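In my numbering, the protein residues as written are 15 to 282. Backbone N, C-alpha and C define an ideal beta-carbon position, used for all residues, glycine too. Because the structure is a prediction, the values reported are computed rather than measured.
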């Protein structure tokens, strides 16, 4: 005990009576403190970044909702002007699509049975058969849902099918993934006379899940087809599945109404 006390007193005398040792100690302590503050700042920045990303995702979803509400309003206004030359009130406008922001919590890209898990489920308004998009383009379709999560079958799955077309064309084909590269797919079953230019945009055409003219990808060259009566184009997908983190689930507010009507016709 006495030895410990003597050591403490010795250190005290060294650092209080010797300016050089005191300056060395203070410099070292400042460096340690600065490093601790730097690490603490990085940790805080990470959590704030996560929060800011979620806020930006919410804002983007709100902007998407407002955009499609405006498109719906303009379409109704144009139609009403042609038919009656009267004004359409705001109360008559109902946006067909609502965008639900979501985060990717798991991605499985092993073999061909690819899927993506999201952190939104039934309690957030997500249901099976809803479309999913990124900020760049189509992602996939919701396959299964629980209270807090949902599983998406992506466009890079051989079981996935979607109607698509060149942006400036009226001819629709089918988007197909061959199970090889996550960056590429094919636009198949197009008329033989359909031509393309490299870089042409491929968008959705007839779909009960996605809004019309949403970006799917871009033509990079001639595709392969088993039927000489049709044409096919190779496309680079707009969504980068290797870096996918945030998506929007699309709710079509008229989906159930349309489904019931079509089922009633089929049963006749």
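Along the chain, where does the alpha helix (DSSP H) that runs through residue i open and close?
| i | result |
| --- | --- |
| residue 315 | Absent from the structure is residue 315, since the part of the chain shown begins at 15 and ends at 282. |
| residue 280 | 269-280 |
Using only alpha-carbon positions, find the residue among the options that is nearest to residue i.
| i | options | result |
| --- | --- | --- |
| residue 227 | 119, 150, 120 | 150 |
| residue 160 | 134, 249, 181 | 134 |
| residue 266 | 118, 120, 146 | 146 |
| residue 116 | 232, 125, 165 | 165 |
| residue 212 | 132, 272, 248, 169 | 248 |
| residue 240 | 162, 202, 132 | 202 |
| residue 214 | 277, 183, 271 | 183 |
Alpha carbon to alpha carbon, what distance is there between residue j and residue i?
| i | j | result |
| --- | --- | --- |
| residue 157 | residue 144 | 8 Å |
| residue 220 | residue 186 | 8 Å |
| residue 5 | residue 148 | The structure shown does not extend to residue 5, since the chain is modelled only from 15 to 282, so the question has no answer here. |
| residue 88 | residue 242 | Because residue 88 sits at a pLDDT of 49, beneath the cut-off of 50, its placement in the model cannot be relied upon, and the following sentence gives the value as read from the coordinates. For residue 88 and residue 242, the distance between alpha carbons rounds to 42 Å. |
| residue 122 | residue 261 | 16 Å |
| residue 283 | residue 197 | Nothing can be reported for residue 283: it is not among the residues displayed for the chain, which extend from 15 to 282. |
| residue 269 | residue 222 | 7 Å |
| residue 110 | residue 172 | 29 Å |
| residue 130 | residue 112 | 21 Å |
| residue 127 | residue 210 | 31 Å |
| residue 217 | residue 281 | 32 Å |
| residue 208 | residue 253 | 25 Å |
| residue 325 | residue 114 | Within the shown structure, residues of the chain are numbered from 15 to 282, placing residue 325 beyond reach of any answer. |
| residue 162 | residue 206 | 46 Å |
| residue 251 | residue 132 | 20 Å |
| residue 273 | residue 188 | 22 Å |
| residue 256 | residue 118 | 12 Å |
| residue 224 | residue 264 | 7 Å |
| residue 231 | residue 125 | 22 Å |
| residue 200 | residue 191 | 6 Å |
| residue 181 | residue 229 | 9 Å |
| residue 204 | residue 275 | 30 Å |
| residue 244 | residue 271 | 35 Å |
| residue 170 | residue 277 | 29 Å |
| residue 279 | residue 167 | 29 Å |
Just reading off the beta strand (DSSP E) that residue i is part of, what are its end residues?
| i | result |
| --- | --- |
| residue 265 | 260-266 |
| residue 111 | 111-122 |
| residue 202 | 198-205 |
| residue 164 | 164-168 |
| residue 180 | 176-180 |
| residue 158 | 152-159 |
| residue 250 | 244-251 |
| residue 186 | 186-190 |
| residue 129 | 129-132 |
| residue 234 | 229-236 |
| residue 145 | 145-147 |
Between residue i and chain D, is any beta-carbon pair separated by less than 7 Å?
| i | result |
| --- | --- |
| residue 231 | Protein chain content of the structure displayed is limited to a single chain, and chain D is not contained in it. |
Validate contact between the stretch 233-248 and the stretch 165-179 using beta carbons, cut 8 Å, 3 pairs: no
Segment contact flag, the stretch 134-141 with the stretch 154-169, C-beta cutoff 8 Å, min 3 pairs: yes
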